[in-house]
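Engineer: Chains D and A are the protein sequences, given in the same order.
Heads up, the first sequence is in UniProt numbering, so the first residue is 1 and it goes up one at a time.
Heads up, the second sequence is in UniProt numbering, so the first residue is 1 and it goes up one at a time.
Using N, Cα and C, we set each Cβ at its ideal position, and we do this for glycine too.
Take this structure, written in structure tokens, and hold onto it; I'll ask about it next.
There are 2 protein chains.
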Amino acid sequence: MKLFFSPDQLAHNPQKEISDGKLVDAVEIPQRAEMVLNALRALPDLCEAPVQDLGREPIERVHDKGYIQFLEDFGSLWAAAGREGEGFPFVWPGRDFRTDKVPNHLDGKLGHYSFDAGTPLTDKTYGAAYASAQSALNGADALLNGDQHAFALCRPPGHHAGKDYYGGYCFFNNAAIAAQYLRDQGAERVSIFDIDYHHGNGTQAIFYERADVQFLSMHADPLDEYPYFLGHADERGMGEGTGHNFNYPLPLGTAAPEFMTTLNQGLDEVARYDPDYLIISLGVDFFEGDPISQFKLTHTDMPAIGTALRQAGKPILFVMEGGYAVGDLGRNVASIIDGYLNN
Amino acid sequence: MKLFFSPDQLAHNPQKEISDGKLVDAVEIPQRAEMVLNALRALPDLCEAPVQDLGREPIERVHDKGYIQFLEDFGSLWAAAGREGEGFPFVWPGRDFRTDKVPNHLDGKLGHYSFDAGTPLTDKTYGAAYASAQSALNGADALLNGDQHAFALCRPPGHHAGKDYYGGYCFFNNAAIAAQYLRDQGAERVSIFDIDYHHGNGTQAIFYERADVQFLSMHADPLDEYPYFLGHADERGMGEGTGHNFNYPLPLGTAAPEFMTTLNQGLDEVARYDPDYLIISLGVDFFEGDPISQFKLTHTDMPAIGTALRQAGKPILFVMEGGYAVGDLGRNVASIIDGYLNN
Ligand SMILES: [Zn+2]
Ligand SMILES: [Zn+2]
Numbered sequence: 001m002k003l004f005f006s007p008d009q010l011a012h013n014p015q016k017e018i019s020d021g022k023l024v025d026a027v028e029i030p031q032r033a034e035m036v037l038n039a040l041r042a043l044p045d046l047c048e049a050p051v052q053d054l055g056r057e058p059i060e061r062v063h064d065k066g067y068i069q070f071l072e073d074f075g076s077l078w079a080a081a082g083r084e085g086e087g088f089p090f091v092w093p094g095r096d097f098r099t100d101k102v103p104n105h106l107d108g109k110l111g112h113y114s115f116d117a118g119t120p121l122t123d124k125t126y127g128a129a130y131a132s133a134q135s136a137l138n139g140a141d142a143l144l145n146g147d148q149h150a151f152a153l154c155r156p157p158g159h160h161a162g163k164d165y166y167g168g169y170c171f172f173n174n175a176a177i178a179a180q181y182l183r184d185q186g187a188e189r190v191s192i193f194d195i196d197y198h199h200g201n202g203t204q205a206i207f208y209e210r211a212d213v214q215f216l217s218m219h220a221d222p223l224d225e226y227p228y229f230l231g232h233a234d235e236r237g238m239g240e241g242t243g244h245n246f247n248y249p250l251p252l253g254t255a256a257p258e259f260m261t262t263l264n265q266g267l268d269e270v271a272r273y274d275p276d277y278l279i280i281s282l283g284v285d286f287f288e289g290d291p292i293s294q295f296k297l298t299h300t301d302m303p304a305i306g307t308a309l310r311q312a313g314k315p316i317l318f319v320m321e322g323g324y325a326v327g328d329l330g331r332n333v334a335s336i337i338d339g340y341l342n343n
Numbered sequence: 001m002k003l004f005f006s007p008d009q010l011a012h013n014p015q016k017e018i019s020d021g022k023l024v025d026a027v028e029i030p031q032r033a034e035m036v037l038n039a040l041r042a043l044p045d046l047c048e049a050p051v052q053d054l055g056r057e058p059i060e061r062v063h064d065k066g067y068i069q070f071l072e073d074f075g076s077l078w079a080a081a082g083r084e085g086e087g088f089p090f091v092w093p094g095r096d097f098r099t100d101k102v103p104n105h106l107d108g109k110l111g112h113y114s115f116d117a118g119t120p121l122t123d124k125t126y127g128a129a130y131a132s133a134q135s136a137l138n139g140a141d142a143l144l145n146g147d148q149h150a151f152a153l154c155r156p157p158g159h160h161a162g163k164d165y166y167g168g169y170c171f172f173n174n175a176a177i178a179a180q181y182l183r184d185q186g187a188e189r190v191s192i193f194d195i196d197y198h199h200g201n202g203t204q205a206i207f208y209e210r211a212d213v214q215f216l217s218m219h220a221d222p223l224d225e226y227p228y229f230l231g232h233a234d235e236r237g238m239g240e241g242t243g244h245n246f247n248y249p250l251p252l253g254t255a256a257p258e259f260m261t262t263l264n265q266g267l268d269e270v271a272r273y274d275p276d277y278l279i280i281s282l283g284v285d286f287f288e289g290d291p292i293s294q295f296k297l298t299h300t301d302m303p304a305i306g307t308a309l310r311q312a313g314k315p316i317l318f319v320m321e322g323g324y325a326v327g328d329l330g331r332n333v334a335s336i337i338d339g340y341l342n343n
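This is the structure in structure tokens:
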């Protein structure tokens, strides 16, 4: 299994985030990627492959050009405004507001292009997010070239990012960019199964009206957990996309038995859809030790997840998403991949 | 001229707000009301009148019941969650998200019912906002009983608050509540002219599809200034409200000549509409010394504003909105009212 990771992804190195009305230490930090990298390097069946730059065009197939440009320009806009530290939005176009005009003011732009005050933006964010998307694209290319599986160690993660907004530590939607790339290179149908603890709201929104990309997400019930405002079971898609979106909200405290039942239920839908490729949005914040999450999966529950995914029998691209128990992150991801490869 | 103010309005006493990703000292503080009260008390033509409790029902005519209940319950929800300090939201239902389901989680509720991370919510907010709305209602009652003018010293302010969201230091929309009350008590048409430095987005949204309440707002161009996402000149109303909404965005740096031209332009529209009552959303953050604003009106420009409003020849209810140059606030408001009464 090829592993794709670019050291440029480490450049986004936020110090603080806003949580509970306070500035606290950031949790989506470069060490997350380093821990996973080290653990995966110890697996005999993985090899690191170089990340080619496939350009900005595949990102523009998913994201709004004005949004991409804003992320790229943010550092110079922030400096020109004489601001210090990391950028946080503080006002949003809520109900009744307009989104058809992009404000001139930097605080207006920050709110226009986000949904979350907790995600720090820096002058290094764009480069790291771009590199993270390239890792996903290279993973997709490996499948197109006949590999049966690939691992894109994407960080910053992507599944909360929509067409023209960031949030939840996500800027470019790596899984969506990979899926669109597979379609553009000839795949007829692609499935994305998001097993991160949080709902993949951005990915859902990007493909909600499309029949060519199936989206499934199992996650903590949004009534009780971030991102709160999307991820309910009655969201089945719209227009041509009707019937191609599946949400499996689970109660806080969910442990392995219910988790595995739901995973297999989703994989049954994947089998029915019969995609050319399956992308797994792999967050491991369902681990019991995760500092911001409330599922109860243990270390020993991890291999069975990989085994179940292998049994789906499709070419698989793993795209890394969340997981914040930094000390256990590598071990958990490696256990899943080991379960996938050796069962 | 009767002056309405309840000491209960002082109970909302926030310590901090979030600005630029930092916790800074709050600017919407009880001293604002005290300064205005002291200055108005020095005017010979004003008398303080007691504020009667007209109940929650007139507030429910404008605001969503679930929203009102959330504000009332916030203190106990916050304590039950073991939280400390003041409440700030940090994630919102942006584009693509749902607003038809109210989350169970407190952070979800905070985001669902707001559009702004900078407005602190405390266990004292509901009581103060309720009292502020009662001051506006008592002012409306004075007009209904034949007074030609009244001053409601509303604080917390109201014009950024919509049917079911708070933000911009506003919780209940005092001007909208007074306008609805005038309508419910028999007025055929009411005009609200918002001359605060910031667009009155909440008031606009509340009456946007109605012909019985005309709304006008002159303010800093939202492309360059808070609230950023509403207040453009092309917002003319919808449905039955078409043609009854007027926005006059002005450039940063606007001084008295252009300000007065625009004020009179708006008053011409009021004359054309011929309302039974005129409500002035009176923010004085257009003052050159305001710490968060960028218009250039001086102390000596204030009386002419009052004179122009008197010349409109309608029964007028002044409803206090913004103004953050605390040391000058009383003098500026008193100058406007003095200009109104004595010219
Ligand atoms: Zn997650
Ligand atoms: Zn204002």
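What residues are listed by DSSP as bridge partners for Ile192/A?
Structural biologist: BP columns for Ile192/A point to Phe215/A, Ile279/A.
Engineer: What alpha helix (DSSP H) runs, 4 residues minimum, are completely inside the segment 89-137 of chain A?
Structural biologist: 106-112
Engineer: Does the segment 311-327 of chain D come within contact of the segment 64-81 of chain A, defined as at least 3 CB pairs closer than 8 Å?
Structural biologist: no
Engineer: Buried or exposed: where does Met238/A fall if 16 or more other Cβ atoms within 10 Å of its Cβ makes it buried?
Structural biologist: exposed
Engineer: For the alpha helix (DSSP H) that contains Phe70/A, what are its first and last residues?
Structural biologist: 65-80
Engineer: Hey, would you say the C-beta of Lys105/D is under 8 Å away from at least one heavy atom of ligand 2?
Structural biologist: Here the sequence assigns His to residue 105/D, which means Lys is not the residue at that position. Look at His105/D: its beta carbon is at least 8 Å from all of the heavy atoms in ligand 2.
Engineer: Listed by chain order, which residues have C-beta atoms less than 5 Å from any heavy atom of ligand 2?
Structural biologist: Those residues placing their Cβ nearer than 5 Å to any heavy atom of ligand 2 are, following chain order, Asp196/A, Tyr197/A, His198/A, Gly283/A, Asp285/A, Gly322/A.
Engineer: State yes or no: is the C-beta of Ser217/D nearer than 8 Å to some heavy atom of ligand 1?
Structural biologist: Annotation for Ser217/D indicates a beta carbon at 8 Å or more from all heavy atoms of ligand 1.
Engineer: For Asp100/A, is the classification buried or exposed, using 16 other Cβ atoms within 10 angstroms of its Cβ as the cut-off for buried?
Structural biologist: exposed
Engineer: Could you tell me the alpha carbon to alpha carbon distance between Asp285/A and Tyr113/D, rounded to whole angstroms?
Structural biologist: Whole-angstrom Cα-Cα distance: 28 Å.
Engineer: Should Ser191/D be listed as close to ligand 1, given that the test is whether its C-beta is under 8 Å from any heavy atom?
Structural biologist: no
Engineer: Should Ser293/D be listed as close to ligand 1, given that the test is whether its C-beta is under 8 Å from any heavy atom?
Structural biologist: yes
Engineer: What are the uninterrupted segments assigned as beta strand (DSSP E) that are 3 or more residues long and contained completely in the segment 279-340 of chain A, given in chain order?
Structural biologist: 316-320
Engineer: DSSP three-state label for Leu250/A, please.
Structural biologist: strand
Engineer: With a cut-off of 9 Å, does the C-beta of Phe171/A fall near any C-beta of chain D?
Structural biologist: no
Engineer: Could you tell me which residues DSSP puts in a beta bridge with Tyr166/A?
Structural biologist: Ser114/A
Engineer: For Arg41/A, go through chain D and note every residue whose CB falls closer than 9 Å to its CB, in chain order.
Structural biologist: Within 9 Å Cβ-Cβ: nothing; Arg41/A doesn't reach chain D, min ~35 Å.
Engineer: Going by the CB atoms, is the gap between Gly168/A and Phe88/D shorter than 9 Å?
Structural biologist: no
Engineer: Within 9 Å of any Cβ in chain A, is that where the Cβ of residue 355/D sits?
Structural biologist: This structure cannot speak to residue 355/D, because chain D is shown only from 1 to 343.
Engineer: Chain A partners of Arg236/D, CB-CB under 9 Å?
Structural biologist: Per Cβ cutoff of 9 Å: no residues; Arg236/D is ~13 Å from chain A at best.
Engineer: Round the Cβ separation of Ala175/D and Ala136/D to the nearest angstrom and send it over; I've been treating them as touching at under 8 Å.
Structural biologist: About 7 Å; that satisfies the 8 Å criterion.
Engineer: Please confirm whether Leu230/A and Gly108/D have their CB atoms less than 9 Å apart.
Structural biologist: no
Engineer: Entirely within the segment 14-45 of chain A and at least 3 residues each: give me those beta strand (DSSP E) ranges in chain order.
Structural biologist: 16-19, 22-25
Engineer: Below 8 Å on the Cβ atoms is my guess for Ala337/D versus Phe207/D; work out the distance and round it to an integer in Å.
Structural biologist: Sequence check: residue 337/D is Ile here, not Ala. Not a contact, Cβ separation roughly 26 Å.
Engineer: Is the Cβ of Phe207/A closer than 9 Å to any Cβ of chain D?
Structural biologist: no
Engineer: Hey, does Val91/A have any beta-carbon neighbour from chain D nearer than 9 Å?
Structural biologist: Contact with chain D is found for Val91/A, since one of that chain's Cβ atoms lies less than 9 Å from the residue's Cβ.
Engineer: Does any residue of chain A bring its CB to less than 9 Å from the CB of Thr99/D?
Structural biologist: yes
Engineer: Looking only at C-alpha atoms, which of Ser132/A, Tyr166/A, Pro257/A, Leu182/A sits nearest to Leu144/A?
Structural biologist: Leu182/A
Engineer: What in chain D is Cβ-close to Glu86/A, meaning under 9 Å?
Structural biologist: Gly21
Engineer: Please go through the segment 136-163 of chain D and give each complete alpha helix (DSSP H) segment of 4 or more residues, from N-terminal end onward.
Structural biologist: none
Engineer: What's the C-alpha gap between Gly253/D and Pro291/A?
Structural biologist: 48 Å
Engineer: If you compare alpha carbons, which of Leu297/D, Ser293/D, Pro275/D is closest to Pro257/D?
Structural biologist: Leu297/D
Engineer: Can you tell me where the alpha helix (DSSP H) with Glu269/A in it begins and where it stops?
Structural biologist: 256-273
Engineer: Show which residues of chain A have a CB atom less than 9 Å away from the CB atom of Asp224/D.
Structural biologist: Chain-ordered, the chain A residues with CB closer than 9 Å to the CB of Asp224/D read Pro103, Asn104, His105, Gly108.
Engineer: With a Cβ-Cβ cutoff of 9 Å, do Trp26/D and Pro156/D count as a contact?
Structural biologist: The question names Trp, but residue 26/D is Ala in the sequence shown. No.
Engineer: Would you kindly check if the distance between the Cβ of Arg210/A and the Cβ of Asp274/A is under 9 Å?
Structural biologist: No, Cβ-Cβ distance for Asp274/A and Arg210/A is not below 9 Å.
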